[in-house]
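In the working numbering, the protein residues as written are 59 to 544. Below: one structure, written as structure tokens.
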Ligand code: ARG
């Protein structure tokens with residue numbers, strides 16, 4: 059029986075119980091626990107403690123035997139959690155307390171040394187950064203799958219005409235390939251933004267302790283290198299106060315979800331009877347409890363709807379941080395529920411969006427028919443005259459005049475009699491009719507990034523290279539670090 063602390067010597071009492079004579083109120087315990095949120099970081103918490111034990115041994119603070127006991131004890135906890143032989147105790151204050159208490163249960167006195175030169179303040183920052191590293195890789199893997207789906211759709215639809223819109227009004231013809239490549243490029247930016255966030259989070263906070271570093275001879279650099287960090291953080295106060303890595307990633311997640319939401323908005327109206335550009339698979343549609351004919355694009359709507367939740371989580375994080383003085387404040391414990399909710403929402407949305415569009419049927423003949431009306435070739439009529447030397451502003455006026463006549467006659471530009479063209483400008487020749495078909499309007503747009511099939515092929519090649527360059531071999535081990543047995 060130890061005489062340190064008057065309440066209990068139970069390893070599972072709160073880590074700080076020694077100074078207190080009264081136990082906490084049951085409601086207080088329930089209110090302050092973070093175990094429901096942080097238990098998913100169990101494996102990285104263990105990984106961090108194993109590295110810490112190695113560092114403590116190297117620094118002469120524990121013996122080799124104690125180091126081995128700690129490492130093996132933690133490994134057994136990890137194995138038992140993995141195999142479901144051990145359950146996280148939901149009455150523990152947090153995952154750090156649970157792991158430390160379970161370790162001491164298993165190995166005795168040596169377990170009480172694992173927290174030497176460490177505080178939960180630097181420990182939580184470490185766990186979050188380690189966990190984030192794997193979260194980002196996992197999400198990036200899903201993004202690459204999504205980009206591959208888009209590349210496949212693009213490759214199969216390079217010639218498939220589709221009206222392009224601005225202000226939701228017919229603008230100029232493009233192709234389905236060009237359209238889905240536009241989505242793909244958004245997701246490449248999301249991918250690289252996440253890489254940037256991971257890079258900035260790649261500094262180890264451990265050894266900053268509660269706020270003021272340690273008088274013990276810790277080797278922060280060694281521990282950081284064991285955990286795969288590039289370097290250590292530069293200021294102990296900043297180390298335990300910083301949550302920029304969550305704020306930054308939550309911002310990236312918000313942008314990514316916004317991209318999904320915009321694409322989903324298009325899917326929703328493309329799936330209407332009026333548009334009929336896409337037929338979603340029955341697996342990714344729902345029906346109505348009253349209207350037997352309905353096939354609703356609920357998954358696209360839900361992804362769009364969940365965007366508010368992701369923004370909300372981001373704003374919650376920013377608001378949580380805005381008034382906090384240095385260094386650690388307990389407010390920061392709230393970071394996990396917001397960040398994890400945003401992350402879980404985004405990663406499942408990416409997966410579901412990819413499946414939804416992978417299994418969709420694209421009604422390319424309906425899309426092509428949509429390019430027939432709406433005067434999508436009016437710019438090409440003007441460009442025809444520009445090629446013959448007319449100033450663009452004048453050519454714009456000539457084309458607008460022809461559009462006006464066509465509207466009056468309720469016909470397409472290509473259905474106007476050649477005499478109308480001749481009247482509008484002596485520069486027109488009969489070849490105008492060959493040059494303003496929707497196919498020609500697309501084919502001629504060969505500027506870099508334009509919709510001409512030859513240009514879209516370049517995008518497809520570039521996107522394929524992006525996928526290849528960013529596919530890493532180590533991905534399969536990611537799941538080892540994400541505890542899901544909750
Ligand atoms: N559970 C806390 C968090 O998630 C970490 C523990 C720090 N607690 C403390 N009382 N200093 O932020």
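By construction, the Cβ of each residue, glycine as well, lies at the ideal position given by its N, Cα and C atoms.
heavy atom of the ligand ARG below 8 angstroms from residue 251 C-beta: no
Cβ-heavy atom distance, residue 182 to the ligand ARG, below 8 angstroms: Result yes, Cβ under 8 angstroms from the ligand ARG.
Contact test: residue 177 Cβ vs the ligand ARG heavy atom, cutoff 8 angstroms: yes
Touch test, the stretch 335-346 against the stretch 267-275, Cβ-Cβ under 8 angstroms, three pairs minimum: no
Under 9 angstroms between C-beta atoms of residue 457 and residue 439: yes
Beta carbon of residue 433 nearer than 9 angstroms to that of residue 99: In this structure, the beta-carbon distance from residue 433 to residue 99 does not fall below 9 angstroms.
Strand pairing of residue 261, partner residues [DSSP]: Partner residues in the beta bridge of residue 261, as assigned by DSSP, are 289.
Three-state secondary structure (DSSP) of residue 222: strand
Residue 151: CB within 8 angstroms of a non-hydrogen atom of the ligand ARG: yes
Residue 386: CB within 8 angstroms of a non-hydrogen atom of the ligand ARG: yes
At least 3 beta-carbon pairs within less than 8 angstroms: the stretch 209-226 vs the stretch 190-200: no
Residues near residue 493 in its chain [Cβ-Cβ closer than 7 angstroms; skip 5 each side]: 438 and 442
CA-to-CA distance, residue 92 to residue 70, given in whole angstroms: 15 angstroms
Three-way DSSP call (helix, strand, coil) for residue 100 in this model: helix
Beta bridge counterpart(s) of residue 231 as assigned by DSSP: 221
For residue 409, the nearest candidate out of 488, 230, 102 and 315 (CA to CA): 315
Distance cut-off 8 angstroms: residue 203 Cβ against heavy atoms of the ligand ARG: no
Collapsed DSSP secondary structure at residue 344 in the structure displayed: strand
Environment of residue 348 [buried if 16+ CB atoms lie within 10 Å]: exposed
Euclidean distance between Cα positions of residue 1 and residue 472: This structure gives no information on residue 1, because the portion of the chain shown stretches from 59 to 544.
Beta-carbon gap between residue 184 and residue 262 smaller than 9 angstroms: Going by C-beta atoms, residue 184 is nearer than 9 angstroms to residue 262.
Cβ separation of residue 310 and residue 251, assumed to be a contact under 8 angstroms, to the nearest whole Å: Rounded, the Cβ-Cβ distance is 5 angstroms, consistent with contact.
The stretch 115-132 touching the stretch 164-172, judged by at least three CB pairs closer than 8 angstroms: yes
Residue interval of the alpha helix (DSSP H) (run including residue 455): That run of the alpha helix (DSSP H) goes 450-467.
Residue 349 at chain C interface by Cβ criterion, 9 angstroms: The structure shown contains no chain C; it holds only a single protein chain.
Closest Cα partner of residue 520 within the set 142, 111, 81 and 206: 206
Close beta carbons around residue 72, own chain, < 6 angstroms, minus the five adjacent residues each side: 151
Backbone secondary structure at residue 216 - three-state DSSP: coil
Simplified DSSP assignment, three categories, for residue 336: strand
Residue 420 CB to nearest heavy atom of the ligand ARG below 8 angstroms: no
Closest residue to residue 329 among 427, 358 and 138 (Cα-Cα distance): Taking only the C-alpha atoms, the option nearest residue 329 is 358.
Local conformation of residue 420 per DSSP, three classes: strand
Simplified DSSP assignment, three categories, for residue 66: Low confidence applies here, because residue 66 scores a pLDDT of 44, under 50, leaving its location unreliable and the question unanswered by this model.
Of the listed residues 429, 173, 229 and 132, nearest to residue 265 (C-alpha basis): For residue 265, the nearest C-alpha among the options comes from 173.
Beta carbon of residue 367 nearer than 9 angstroms to that of residue 413: no
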